[in-house]
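Using UniProt numbering, the first residue of the sequence shown is number 1, and each one after it goes up by one. Yeah, the Cβ is synthetic: ideal placement off N, Cα and C, and Gly gets one too.
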Amino acid sequence: MDDINVIEVSTTVDSSSELGRHVWVRAGSRLTNVQIGDECFIGFRCDLQHALVGKSSMFATGAQCLGTAQSPVRIAENVWVGAKATVTAGVSIGAGAVVAAGALVTADVPPDAIVVGRPARVIAQRTVVEDGRPSPEPVLVKVRDRARQGLPSMLDRSTQSVARLKSLNLDTLTWDISDDALIDAELRGGASVEIARDCILIGRSSRQGGMSQLGGIELGTGVRLATGVVIEAAGGVSVGAFSELSEGVTIVASTHDHSFRSLPWEEAPVRIGSRCVIGEGAILVGPLNIGDGAVIKPYSVVIRDVLENTVVHGVVQLMEIQE
């Protein structure tokens, strides 16, 4: 940690990459031959290769820029790239554009366009209040303060022992939590929860310094999180009893107001009922309610409520699956 940038644990930034000031790179990301402008945010497990990124651009969890030395990706300033979106080699994205979660961008995107789908297509043009650029810097002040106080932090793996986690979250005493999970979250819920290796869990309520009263994670009795699940619960996530989140599932309980240039953060709680099955690699973006017994097929992108005891594929799938 320094007073210029915040680079979290399990992150790789190669020697050919250059970062501006006030850049936040979250855990598990990989940056290869990239130039990142000032005040950019790079979420969990992003993979940016051969990319030029303008200032104040933001990448949500799992976003990919797959440029090459011959055909780099070019991201202008103030761009938002959603969770698990992919930008292919040679593509340029114009200033202020918004790329939706799960999108596959194979062609250039105009400034201030909103694109969705696989392949991505323009569905709208932003009309914005010019209230300033997006910036992670206000949140980075809190991140640094927590680290300096020795509180659980993604900046220091030693602050995240399972024993310490359980002492701070008493509901977790009967939980089976992998030592290889990364957890900086307020946890509550029932007994016999399982959290597998390589899971990433974040989010606290305002009572514990979070951004929302709804923040934190509630996991009902018998809930199972498979390898590599990511839960971003600043806006609150609850999972009902005996539900299963399969490998690589991503849940995001927040959104941003695209009508303002600064992309202000908004809570977007995600509520999953009991005995649900969330398929491998699926993305759930709040605000969202999933009814009891629902099944989300693998690699689905879900942004709308799901009725109980239904099977859904989401608004788009990240890859074809065999039925």
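Decide yes or no for the touch test of the segment 223 to 237 against the segment 253 to 266: beta carbon pairs closer than 8 Å, at least 3 of them.
-> yes
Could you check what DSSP says for P138 in three-state terms: helix, strand or coil?
-> helix
H50 versus S56, N33, Q64, S57, residue with shortest Cα-Cα distance = N33
Compute the beta-carbon to beta-carbon distance between A97 and A113, rounded to the nearest angstrom, for a pair I have assumed lies under 8 Å.
-> 5 Å
Please report the residue range of the beta strand (DSSP E) in which V270 lies.
-> 270 to 272
With a Cβ-Cβ cutoff of 8 Å, do V105 and A89 count as a contact?
-> no
Per DSSP, what kind of secondary structure is D198 in: helix, strand or coil?
-> coil
Find out if the Cβ-Cβ distance for the pair E244, G228 is shorter than 8 Å.
-> no
E18, buried or exposed, once every other Cβ within 10 Å from all chains shown has been counted against 16 | exposed
Leaving out the 5 sequence neighbours to the left and right, which residues in its chain are closer than 6 Å to P152 when beta-carbon positions are compared?
-> T159, Q160, D184
Proximity to F44 [Cα-Cα], best of R121, L52, L155 = L155
Cα-Cα separation, K166 to L173 | 6 Å
Could you tell me which residues DSSP pairs with S212 in its beta bridges?
-> S205
According to the Cβ coordinates, are S57 and N78 closer than 8 Å?
-> yes
Where P134 and E308 are concerned, what is the direct C-alpha to C-alpha distance, given to the nearest angstrom?
-> 37 Å
Counting only runs that start and end within the segment 72 to 98, where is the beta strand (DSSP E) found for 3 or more residues in a row?
-> 73 to 75, 86 to 88
Taking DSSP as the reference, what is the three-state secondary structure of V230?
-> strand
Beta carbon of D38, beta carbon of G20: below 8 Å?
-> yes
Of the residues L187, V122, G222, the one placed nearest residue 369, counting alpha carbons only = Nothing in the structure corresponds to residue 369, since the chain is present only between 1 and 323.
Can you grab the Cα-Cα spacing for the pair G222 / Q149, in whole Å?
-> 34 Å
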